[in-house]
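Everything in the sequence shown is counted per my numbering, starting at 1 for the first residue and increasing by one. Virtual Cβ for every residue (Gly too), placed ideally from N, Cα, C. Let me begin by presenting the structure, written as C-alpha cells, before commenting on it.
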Amino acid sequence: MTGTIKKILLSASVLASLSAIASAPASAASIKNATVTGAAPYLTYDADATNTFQVNNTPGTWVNEQKVLGGNSANPTGNIELFSNSETLSNSAYASYTGVTSLQGTIGGKSITLSSLTSSDWNTDVGGTTLAQKWLNDLIVANNLSPLLGANTQTELLTAFVAGGGLQRFSDPNLSYVNQDNDGTIRVGLAGHLNGASLIQQSLQPAQVQMQSAYNTLKSNRTQMQSALSTAQISLNTLKNQFQAASSAQKPGILAKITTVTGQINALTGQIALVDGQITTLSAKLDPLTAFIAKTDLVIQASEIVKVAYNGSPAQYLYNFNATNSGLVEKGDGKSHTGNYEVTLKGEVPPSESVPEPSAMLGLLGVGSFFAVKRKMLKKA
C-alpha cells in the first residue's frame, strides 16, 4: 500500500507541476526574420564577455545581424548601428540628407520596423513642440542640468546644440535587442555611453566659442570707448581752464568746443552703459556654459533616438535617460557601448504556446491512479 500511496503522491506532484506550466505565461519573444534595409549605411557589432567589436554585415543571410540581437537588459550583447555615417555629415549635408536605415522583422507575429532619424524627424510635431525641442528639454530635466546652464534659454541651447552637430550625434541608434514580454510589452535595447556628457559638451562647444568671441569684442569695444571717454574728459578740463583765462572775444569759441566735447562725453557714457549691460547679459550665459563644457566630472545619461513603427500603427520616437552598465566597451574606441538604455512600447499580447488543459491532465492522472490501486488490490486477492 505504501508504494501505491507513493504513486498517487507522485501523480499529484506531476499534476501540480503541469498546472503551474499551464498557468505560466508564454516565454518572451525576440525579433525574428530580421533584415536591414535603406540607403544609409549600417554597422554590425558582435560581442564577447567584455568588448563589442565590428563584424561583417551579412545581407542576404542576415546571420550576424540576427545573432547580435540576442541579448536582453540583464545581458546586452552586440548591436546594429543604423545610419552609421551620421556624425560625419556637416550640418548642411545632414539637413538635406534623406537616407534612412531600418531594421525590419516580426515580433510576436506582428511587423516591426526600427529606423534611424533624418533632419525632418527632428522637426516633427510631438504634442505641440518639435521632437528636437522635446528631447532636449527632457534631457535637461532628467539630468538636472538647468542649474549648470545658467541663464541660457531652451531656444538658445537648442540653437547651439543644432549648430554643434548635436542632431547627427543622436540620429544613429545602436540596437542591441528587440524582445517582447508575455504581456505584450516590447523592449528595445539601445547601446550608448554610460556617461554621454562629452557628446553634449562637444555639441555646445562651438556656440561657447562664438559667445566668447562676442564677449571679447564687447570688452575690446568698451576699452576703446573708455579710452575715448578719458581723452574727452581731459579735453573738457583743458577747455574749462582755457575758458577761465580767455578774453571775452575768445570765450564764445571755447564755449562751443566745450559743448561739443560735453556731447561726446554724454554719448560715450551712454554707449559704455549699454555695452556694460550687454556684457553682463552675455556673461550670465557664457560663464556657466564655459564651466559646463570644462566640467570633467559631469555625468549625463541620454540615449540616441529610434523611430519605431509597429503592426501598422503610426511611428513613435523612443529614447531614455537612464542607463544601466552593459559591462561592455567598444574595442575600437574604448568608450562606446558602455551603457544600455532600454525603451519600451505597448505591443499586442503574443500567442501562448499550446499546453494540455489542467482538467484533462487531472482526468488522465486520476485514471492512472485508479488502475494503480486496482492492480495492487488484485495482487493481494
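Taking Cβ to Cβ, would you say Leu194 is nearer than 9 Å to Gln301? Reading the sequence shown from its first residue, position 194 is the one you call residue 194. Reading the sequence shown from its first residue, position 301 is the one you call residue 301. In this structure, Gln301 lies closer than 9 Å to Leu194 by Cβ.
How many angstroms separate the CA atom of Asn123 from the CA atom of Thr130? Here residue 123 refers to the residue found at position 123 of the sequence shown. Here residue 130 refers to the residue found at position 130 of the sequence shown. Cα to Cα, the separation comes out at about 5 Å.
Shortest alpha-carbon distance to Ile112 belongs to which of Ala228, Pro252 and Ile31? The count along the sequence shown starts at 1 and reaches residue 112 at position 112. Among Ala228, Pro252 and Ile31, the Cα nearest to that of Ile112 is on Ile31.
For Val178, name the three-state secondary structure that DSSP assigns. If you number the sequence shown from 1, residue 178 lands on position 178. Val178: strand per DSSP, three-state reduction.
Since Asn266 sits in a beta bridge, which residues does DSSP pair it with? Your numbering for residue 266 matches position 266 in the sequence shown. Asn266 is not bridged to any residue.
For Ser336, the nearest candidate out of Tyr317, Ala315, Glu304 and Ser352 (CA to CA): Here residue 336 refers to the residue found at position 336 of the sequence shown. The residue with the shortest Cα to Cα distance from Ser336 is Glu304.
At which residues does the alpha helix (DSSP H) containing Leu82 begin and terminate? Residue 82 sits at position 82 when you count from the first residue of the sequence shown. Unbroken run through Leu82 is the beta strand (DSSP E), Asn79 to Leu82; no alpha helix (DSSP H).
So what does DSSP say about Thr290, is it helix, strand or coil? Here residue 290 refers to the residue found at position 290 when the sequence shown is read from its first residue. Looking at Thr290 - three-state DSSP - the assignment turns out to be helix.
Nearest residue (CA-CA) to Pro206, options Tyr177, Thr185, Ser220 and Val162: As a working mapping, residue 206 is identified with position 206 in the sequence shown. Considering only alpha carbons, the answer is Val162.
Bounding residues of the alpha helix (DSSP H) (the contiguous stretch that carries Phe243): Position 243 of the sequence shown, counting from 1, holds the residue named residue 243. Taken as a continuous stretch (DSSP letters only), the alpha helix (DSSP H) holding Phe243 covers Ala197 to Ala245.
So Leu114 packs on Val306, CB below 8 Å; how close in whole Å? Position 114 of the sequence shown, counted from the start, is the residue given in the question as residue 114. Position 306 of the sequence shown, counted from the start, is the residue given in the question as residue 306. Correct: roughly 5 Å between the Cβ atoms.
Under a Cβ-count criterion, where at least 16 other Cβ atoms within 10 Å of its own Cβ denotes burial, should Lys219 be classed as buried or exposed? In the sequence shown, residue 219 corresponds to position 219, counting from 1. Label assigned to Lys219: exposed.
For a minimum of 3 consecutive residues, which ranges assigned as the beta strand (DSSP E) are wholly contained in the segment 292–326? 306–310, 316–318 and 323–325
Whole alpha helix (DSSP H) runs in the segment 116–171 with 4 or more residues, listed along the chain? 119–122, 131–142, 146–149, 154–163 and 166–169
Measure how close the beta-carbons of Asp172 and Glu65 come, nearest whole angstrom, since I'm counting them as under 8 Å. As a position in the sequence shown, residue 172 is number 172, starting the count at 1. As a position in the sequence shown, residue 65 is number 65, starting the count at 1. 16 Å between Cβ atoms; not a contact.
Of the residues Phe243, Thr296 and Lys257, the one placed nearest Lys385, counting alpha carbons only: The question about residue 385 has no answer here: the residues shown for the chain are numbered 1 through 381.
Does DSSP put Ser359 in a helix, a strand or coil? Counting from one through the sequence shown, the residue named residue 359 turns up at place 359. For Ser359, the predicted structure reports a pLDDT of 47, less than 50, and the residue's modelled location is therefore unreliable. The matter cannot be settled from this model.
N- and C-terminal bounds of the alpha helix (DSSP H) containing Val63: To locate residue 63, count along the sequence shown from 1; it is residue 63. Per DSSP, Val63 belongs to the alpha helix (DSSP H) from Val63 to Lys67.
With the cut-off set at 9 Å, would you say Asn182 and Pro76 are in Cβ contact? Position 182 of the sequence shown, counting from 1, holds the residue named residue 182. Position 76 of the sequence shown, counting from 1, holds the residue named residue 76. No, these two residues do not count as a Cβ contact at 9 Å.
In terms of DSSP beta bridges, what is Lys331 paired with? Position 331 of the sequence shown, counting from 1, holds the residue named residue 331. In DSSP, Lys331 forms no bridge with anything.
From this set, Leu345, Val178 and Leu148, which residue's C-alpha is nearest Lys67's C-alpha? In the sequence shown, residue 67 corresponds to position 67, counting from 1. Selected option, being the one with the closest Cα: Val178.
Closest to Ser227 by C-alpha separation, out of Asn340, Leu282, Leu268 and Ser146, would be which residue? As a working note, residue 227 is residue 227 in the sequence shown. When only C-alpha atoms are compared, the closest one is Leu268.
State the start and end residues of the unbroken alpha helix (DSSP H) segment that holds Asn91. Start at 1 with the first residue of the sequence shown, and residue 91 comes out as number 91. Residues Asn91 to Ser96.
Where the beta strand (DSSP E) containing Ile107 begins and where it ends: Here the question's residue 107 lines up with position 107 in the sequence shown. Residues Thr101 to Ile107.
Alpha-carbon spacing of Ile265 relative to Gln233, whole angstroms: Here residue 265 refers to the residue found at position 265 when the sequence shown is read from its first residue. Here residue 233 refers to the residue found at position 233 when the sequence shown is read from its first residue. Roughly 7 Å separates the two Cα atoms.
Could you give the C-beta distance for Gly150 and Ala245, rounded to a whole number, given that I count them as a contact under 8 Å? Residue 150 sits at position 150 when you count from the first residue of the sequence shown. Residue 245 sits at position 245 when you count from the first residue of the sequence shown. Actually they do not touch by this definition, with Cβ atoms about 55 Å apart.
How long is the line joining the alpha carbons of Thr281 and Tyr215, rounded to whole angstroms? As a first step, residue 281 is located in the sequence shown; it is residue number 281 there, counting from the start. As a first step, residue 215 is located in the sequence shown; it is residue number 215 there, counting from the start. Thr281 and Tyr215: Cα-Cα distance of roughly 10 Å.
DSSP has Leu282 in a bridge; who is on the other side? Locating residue 282 in the sequence shown gives position 282, where the first residue counts as 1. According to DSSP, Leu282 bridges with nothing at all.
Three-state secondary structure assigned by DSSP to Glu348: If you number the sequence shown from 1, residue 348 lands on position 348. Three-state result, Glu348: coil.
Rounded to a whole number of angstroms, what is the C-alpha to C-alpha distance between Ala309 and Ala315? Start at 1 with the first residue of the sequence shown, and residue 309 comes out as number 309. Start at 1 with the first residue of the sequence shown, and residue 315 comes out as number 315. Cα to Cα, the separation comes out at about 4 Å.
Just to check my reading of the structure: Thr338 and Asn320 have Cβ atoms closer than 8 Å, yes? What is that Cβ distance to the nearest angstrom? Counting from 1 along the sequence shown, the entry for residue 338 is found at position 338. Counting from 1 along the sequence shown, the entry for residue 320 is found at position 320. Actually they are not in contact, since the Cβ atoms of Thr338 and Asn320 sit about 15 Å apart, beyond 8 Å.
Confirm the yes/no value for this check: CB of Thr52, any heavy atom of the ligand GTP, distance under 8 Å. This structure simply doesn't include the ligand GTP, nor any ligand for that matter.
Which residue marks the beginning of the beta strand (DSSP E) containing Asn57, and which one marks its end? Along the sequence shown, read from residue 1 onward, the residue named residue 57 stands at position 57. No beta strand (DSSP E) holds Asn57; DSSP gives it neither H nor E.
List the DSSP bridge partners of Asn340. Your numbering for residue 340 matches position 340 in the sequence shown. DSSP lists Ala191 and Thr324 as partners of Asn340.
Enumerate in chain order the residues of its own chain whose CB-to-CB distance from Gly196 is below 6 Å, with the five nearest sequence positions on each side excluded. Position 196 of the sequence shown holds residue 196. Excluding sequence neighbours, Gly196 sits near Ile300 and Ala302.
Do Thr37 and Ser102 have their CB atoms nearer than 9 Å? Indexing the sequence shown from 1 puts residue 37 at position 37. Indexing the sequence shown from 1 puts residue 102 at position 102. Yes, the Cβ-Cβ distance between Thr37 and Ser102 is below 9 Å.
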